[in-house]
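Residue numbers (the working numbering): 279 to 467.
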């Protein structure tokens, strides 16, 4: 995250918290390499919040030595397990008046709706943070990450990136309004 992005995000966070902090659930969404995890980390540090990261959990709990064994069904099953655990832990933290950040990607409207419904059912205040970063900027980030790939991360090819792009559903203006959302567009990405 650039210093300017850090400053922008801090201003947005300050806007949300001009009154006293209450137990709130924050959902982070954006396309591949939009900076969701960096933003979630910054938000968690600023708000002294718990951050639950799907990516961290998947790589830690379900490492796969051979990527070919990682099918869509294999991944979906594990994502749902992590979602269930994340919700349970978030409920405990929220009951104790803590702020919780859910860095779970939430790339489709259906996924986000599942989380909105869960929050409403539990009477929890929540906000959606949408990081809207141009595709080519994000692809450059992916290419840079590929050069720094660690033992537990896979390289993302341009073809894979475009497939992920086609699956991502940007939140509509109505979805943002209905779910106390904010669209963050970095000036310089």
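For glycine and all other residues, C-beta sits at the position ideal for the given N, C-alpha and C.
In the DSSP assignment, residue 419 falls outside any beta strand (DSSP E) and lies within the alpha helix (DSSP H) extending over 413 to 425.
At a Cβ-Cβ threshold of 8 angstroms, residue 311 and residue 416 count as neighbours.
Each residue's CA atom was taken as its position, placing residue 383 and residue 306 some 6 angstroms apart. The beta carbon of residue 420 lies closer than 7 angstroms to those of 310, 311, 434 and 439 in the same chain, with the five residues before and after it left out.
When C-alpha distances from residue 454 are compared across 411, 390 and 376, the shortest belongs to 390. Comparing C-alpha distances from residue 451 to each of 460, 373 and 351 shows the shortest one belongs to 460.
Between residue 324 and residue 288, the gap from beta carbon to beta carbon is short of 8 angstroms. No Cβ-Cβ contact shorter than 8 angstroms links residue 368 with residue 404.
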